[in-house]
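Reviewing the structure listed below.
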Amino acid sequence: IGAIFKETFRLYSVASGSTALEAERDTLIEGNLIPRGTIISWSMLAAGRDPEVYANPKEFWPERWLDQGKGSNSLPMITFGSGSHRCLGEHLAMVEATVMLGMLLRYFDWELVNGRSSVEQLQQNLLIYPSDGMPVRFQARPTC
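In this text, residue positions in the sequence shown follow the working numbering: the first is 847, and each later residue adds one.
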């Protein structure tokens, strides 16, 4: 389930806009000087689809996260920020989301109300979401 969340966040980052930080010191990146005080911004959506970082970046492939053991070249997961700006609640959020999804999968059958959702047609403001809102119908499974 954790790999599904990571892959979903990679493709459809909740914070779809750009993220910005200020360079704390002069930094050289690939021969380009970034002076101290420069505001550096990047798109979370574009970063998760970078073909130089992720093989087949447009493909939903949670398995890419399963071989992330120690000593492997781990893939970047910047949904919760990075470095000293990383979200303190990242691990709690992932545990809560994993437990919640596990319970929903165990006790309910799911069905998209409109058939296939329009995940290819995204709307974005501060958040990113399918243009149809992706309504889902849950049917409780019979208890054992």
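Idealized CB from N, CA, C, for every residue including glycine.
Can you name the start and end residues of the beta strand (DSSP E) that Y975 belongs to? Bounds of the beta strand (DSSP E) holding Y975 are 974–976.
Quick check on L857: does DSSP put it in helix, strand or coil? helix
Beta-carbon separation (whole angstroms), K852 vs W911, contact threshold 8 Å: 5 Å
DSSP-derived helix/strand/coil call for V945: helix
Candidates L958, A869, T925: which alpha carbon is nearest I974's? T925
Return the first residue and the last residue of the beta strand (DSSP E) that L921 is part of. Careful: L921 lies outside any beta strand (DSSP E) and carries neither H nor E.
Just verifying my parser: in three-state terms, what is the DSSP assignment at A986? A986 carries a strand assignment under DSSP once its states are collapsed to helix, strand and coil.
In three-state DSSP terms, what is A866? strand
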